[in-house]
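The structure appears right after this line, and notes come after that.
Protein chains: 2
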Amino acid sequence: MINSNALPESALPKGVRDFLPLKAAKVEYLQQQLQQVMAAWGFRPVITPQLEFFDQLEKGLGGDLHARAFRFDDRQSGRLLAFPPDITPQIARIAATRMRELPLPLRLSYSGKVLRHTEEQAGKNREIFQVGVELIGLGQPEADAEMIAMAIECLQGSGAKDFTLDIGQVEFFRGVMDGLSLSSDLARRVAGAIGRKDSTELRALLDEAGVDEAAREEVLALPRLFGGREVLERAAKLVKNQRSQRALDNLTQVLALLDRHGIAEYVTFDLGELRGLDYHTGITFQGFLPGYGQAVCSGGRYDGLMANYGNPAPATGFTFDLLNLLFALDRALEDQVKPRTDLLVYACEGAVLRAQQLTPRLRAAGFSAARDMLDRSIDEALAYARLMNYRRLLVVPVGEAALRLVNPSSENEDSLTLEELLQRKEL
Amino acid sequence: MINSNALPESALPKGVRDFLPLKAAKVEYLQQQLQQVMAAWGFRPVITPQLEFFDQLEKGLGGDLHARAFRFDDRQSGRLLAFPPDITPQIARIAATRMRELPLPLRLSYSGKVLRHTEEQAGKNREIFQVGVELIGLGQPEADAEMIAMAIECLQGSGAKDFTLDIGQVEFFRGVMDGLSLSSDLARRVAGAIGRKDSTELRALLDEAGVDEAAREEVLALPRLFGGREVLERAAKLVKNQRSQRALDNLTQVLALLDRHGIAEYVTFDLGELRGLDYHTGITFQGFLPGYGQAVCSGGRYDGLMANYGNPAPATGFTFDLLNLLFALDRALEDQVKPRTDLLVYACEGAVLRAQQLTPRLRAAGFSAARDMLDRSIDEALAYARLMNYRRLLVVPVGEAALRLVNPSSENEDSLTLEELLQRKEL
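Protein chains in written order, with our numbering: chain A, 466 to 892; chain B, 466 to 892.
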């Protein structure tokens with residue numbers, strides 16, 4: 466089918482899209498690949514609603530997402546409703562309430578769309594396709610390693626190559642920040658400078674705050690603490706505070722587990738990375754593909770979230786941004802994933818009845834098949850079959866005459882009986 | 466996994482639900498079964514957005530749905546946005562604009578959620594899961610028959626038995642109403658009485674309107690024109706107007722095609738049935754399962770809708786209400802669809818490393834497997850495995866000792882090597 470995704474989309478609000486068959490087939494393919502890995506690891510699907518009471522939802526939303534939820538008054542209840550901007554708080558609510566009688570751990574997966582307000586003219590997606598998992602009830606490093614290993618297997622399963630999984634640890638950062646005793650405003654500016662790896666501004670802010678020399682050294686090192694596994698050793702020599710040291714121990718244990726699975730090669734570290742959501746409490750990670758700037762997946766530990774719904778439990782998880790993954794892999798999927806139909810069944814004059822009768826038998830034999838009902842010539846039907854990605858045009862003549870199986874691209878053709886066609890495994 | 470769907474849902478707005486693993490697995494199963502039939506008939510997926518400009522959307526919404534859309538002002542554009550209450554208008558928009566360069570017919574499928582306001586305390590779903598198809602560009606009876614045959618195959622594929630597909634024809638009804646020359650208010654009341662099959666009220670209304678005897682006879686027959694194929698003959702004797710006669714010809718042709726496929730046994734007719742959406746222009750149909758009052762699927766011809774988006778074309782389609790289908794089939798699916806995991810991998814003391822190393826090999830061999838990371842006894846792990854629907858607990862002892870494969874239900878067990886386990890096709 467022609468790629469008409471290039472046509473203008475002015476009939477749609479910004480930040481949402483139509484997915485025509487070529488793209489939609491890729492979306493579905495990627496979703497299936499991810500779900501297959503998740504099921505293989507023992508995760509089971511839950512489906513979350515697209516309407517929630519905002520007061521329930523906001524218990525689990527970080528500051529950023531809080532402001533980005535689509536909200537409105539409920540005609541029925543008079544309460545404030547929202548369309549969820551993130552699925553993790555919904556899973557936390559469900560696990561903490563409706564599944565609280567079940568023994569831990571819970572391994573849950575989900576696939577759905579969320580909506581988020583974006584800044585004007587930001588050009589960002591407002592509709593986000595999330596496919597993810599939550600592992601609830603386990604605080605062990607092995608659980609963190611499970612999430613990272615699964616994310617890597619998901620990336621492999623979706624056909625990605627040369628990807629990296631960039632690992633951070635919010636506790637490491639918080640340990641360093643603890644030593645500074647900054648006002649919350651200054652802390653935010655310091656965090657911003659670290660996130661941008663802007664050492665000049667960082668120095669100016671530390672001067673302004675008048676932090677002591679030891680703490681200063683730790684903070685100034687943060688923007689440079691990224692790279693391979695040697696980062697963990699460098700960091701260990703730098704930090705003196707216990708909170709950061711515990712975070713490093715945790716990272717070292719997880720790395721050892723990834724080594725054991727032979728997947729540590731995909732991993733990089735960034736201890737100055739603060740991209741995690743507000744609810745994260747330990748290891749965080751984001752997956753990147755070469756040549757694509759935005760993360761295709763992100764995850765991490767959130768040990769405080771379940772308590773917000775009345776049932777404290779450690780938890781970790783990750784989510785794929787399916788559209789980012791699609792855009793990063795779009796070309797690589799081009800030949801692999803195409804919406805195709807095996808047969809277009811064309812009736813010659815007088816052969817409509819025969820064509821109608823044999824079409825269901827083709828489907829029963831495992832072929833996908835559509836009837837060409839328009840009153841047109843074989844050449845017109847062939848042109849249609851070519852444009853619409855049918856594998857073959859099946860020309861059905863009157864009586865008992867042999868069927869003609871025409872390849873719309875090459876126009877090569879076979880002549881065969883219905884029985885011969887039904888026996889075929891390949892066209 | 467325990468069915469906790471019975472727990473209270475007071476944390477959620479009315480008309481939406483959480484789907485825990487047992488139900489979610491059934492939803493996904495039904496969705497896959499339907500999509501498989503749709504692909505076999507040559508239909509290709511499109512994915513529609515969950516935000517639209519309301520002025521675009523309303524071009525394709527019937528009066529009922531128009532009022533039931535969730536609407537709000539767009540912060541970005543200042544225009545009125547809506548969450549689509551129906552996917553068909555979205556497909557019509559896409560087909561008429563972004564796919565207008567493509568040759569007809571288009572065979573498109575979709576799967577998504579829509580949101581609809583419901584009356585207070587109606588207890589109806591506000592979130593509706595739709596899986597459907599649109600066949601655009603064909604006005605032939607064979608296209609109507611294709612929709613009905615596909616809907617029947619979808620019902621068979623989802624495991625439904627003893628279902629009926631109830632067929633109407635809005636043109637038949639309109640032909641009869643043409644002869645009455647009623648005011649629009651009276652016409653609506655007459656249609657209501659016919660829909661309720663209330664002959665007494667219908668007579669009173671016709672008296673009030675003073676319609677002539679011939680027209681009166683046609684209208685009074687409508688509430689009784691339901692049942693098997695004999696309805697078409699009864700109707701043919703009754704109506705004199707050409708519009709209704711053409712509608713009957715159309716029904717007769719479609720029935721002949723259904724006979725040809727051997728599926729006419731599933732079909733009933735109701736010519737007084739007016740449940741179609743406002744945009745319908747010909748044959749309409751609804752699928753019902755025994756013991757479940759609401760339609761699980763509905764569809765019909767809508768030859769006027771594409772023109773509303775600037776590109777006139779005949780069209781027909783149908784949609785499954787996935788949750789109605791789920792509730793109607795819930796019990797029948799109980800044993801068939803269960804979220805299960807093959808193996809829970811338990812490490813005896815000192816065997817954690819061995820357990821961690823063999824788990825990925827189990828997955829590579831095709832088993833689904835989760836690691837039991839908690840520090841607990843074999844009995845505790847067995848109880849967990851039983852409650853959470855694992856097929857087997859795999860007990861991993863230290864060193865080279867044989868693995869134990871324990872059935873959590875029967876507590877029967879096998880002793881075997883890893884190599885033996887990896888060779889197994891069935892547990």
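We treat Cβ as the ideally placed atom computed from N, Cα and C, and that holds for glycine.
Beta carbon proximity, residue i to chain B, threshold 8 Å
i	result
residue 523 (chain A)	no
residue 593 (chain A)	no
residue 466 (chain A)	Low confidence applies to residue 466 (chain A): its pLDDT is 41, below 50, so where it sits in the model is not reliable enough to give any reading.
residue 491 (chain A)	no
residue 693 (chain A)	no
residue 559 (chain A)	yes
residue 562 (chain A)	yes
residue 953 (chain A)	There is simply no residue 953 (chain A) to check, as chain A begins at 466 and stops at 892 in what is shown.
residue 838 (chain A)	yes
residue 862 (chain A)	no
Buried or exposed (CB count within 10 angstroms, at least 16 for buried), residue i
i	result
residue 763 (chain A)	buried
residue 649 (chain B)	exposed
residue 727 (chain A)	exposed
residue 676 (chain A)	buried
residue 775 (chain B)	exposed
residue 885 (chain A)	exposed
residue 466 (chain A)	The pLDDT assigned to residue 466 (chain A) is 41, lower than 50, so where the model puts this residue is not dependable; a value taken from the coordinates is nonetheless given after this. The residue in question, residue 466 (chain A), is buried, as its Cβ has 16 or more Cβ neighbours within 10 Å.
residue 658 (chain B)	buried
residue 877 (chain B)	exposed
residue 755 (chain B)	exposed
residue 635 (chain A)	buried
residue 777 (chain A)	exposed
residue 576 (chain A)	buried
residue 673 (chain A)	exposed
residue 822 (chain A)	exposed
Beta carbon proximity, residue i to chain A, threshold 8 Å
i	result
residue 550 (chain B)	no
residue 540 (chain B)	yes
residue 889 (chain B)	no
residue 710 (chain B)	no
residue 849 (chain B)	yes
residue 531 (chain B)	no
residue 472 (chain B)	In this prediction, residue 472 (chain B) has a pLDDT of 40, which is less than 50 and means its spatial position is unreliable; nothing more can be read from the coordinates.
residue 607 (chain B)	yes
residue 852 (chain B)	yes
residue 701 (chain B)	no
residue 876 (chain B)	no
residue 481 (chain B)	yes
residue 580 (chain B)	yes
residue 873 (chain B)	no
residue 895 (chain B)	The first residue shown for chain B is 466 and the last is 892, placing residue 895 (chain B) beyond what the model contains.
Residue range of the beta strand (DSSP E) that includes residue i
i	result
residue 897 (chain A)	The requested residue 897 (chain A) does not occur in the structure, where chain A is confined to residues 466 to 892.
residue 546 (chain B)	545–548
residue 792 (chain A)	No beta strand (DSSP E) holds residue 792 (chain A); the alpha helix (DSSP H) holding it covers 787–794.
residue 839 (chain B)	It is not in any beta strand (DSSP E) - residue 839 (chain B) carries neither H nor E in the DSSP assignment.
Delimiting residues of the alpha helix (DSSP H) encompassing residue i
i	result
residue 557 (chain B)	553–561
residue 757 (chain B)	No alpha helix (DSSP H) holds residue 757 (chain B); DSSP gives it neither H nor E.
residue 702 (chain B)	695–703
residue 813 (chain A)	Unbroken run through residue 813 (chain A): none, as it is neither H nor E.
residue 855 (chain A)	Taken as a continuous stretch (DSSP letters only), residue 855 (chain A) belongs to no alpha helix (DSSP H), being part of the beta strand (DSSP E) at 855–861.
Heavy atom of the ligand MN within 7 Å of residue i beta-carbon
i	result
residue 496 (chain A)	The model depicted lacks the ligand MN and carries no ligand whatsoever.
Beta bridge counterpart(s) of residue i as assigned by DSSP
i	result
residue 780 (chain A)	A:601
residue 692 (chain B)	B:734
residue 510 (chain A)	A:574
residue 617 (chain B)	Answer is none; residue 617 (chain B) lacks a bridge partner.
residue 594 (chain B)	B:578
residue 834 (chain A)	A:808
residue 538 (chain A)	A:545
Which of the residues in the segment 812–835 of chain A, read from start to end, lie with their CB under 7 Å from any CB of chain B? 821, 822, 825, 828, 833, 834 and 835
Between the segment 752–786 of chain A and chain B, which residues of the former have a C-beta closer than 7 Å to a C-beta of the latter? none
Residues of the segment 499–516 of chain B whose Cβ lies closer than 7 Å to any Cβ of chain A, in chain order: 504, 505, 506, 507, 509, 510, 511, 512, 513, 514, 515 and 516
Anything in the segment 724–746 of chain A with a Cβ closer than 7 Å to a Cβ of chain B? List those residues in chain order, please. 725 and 726
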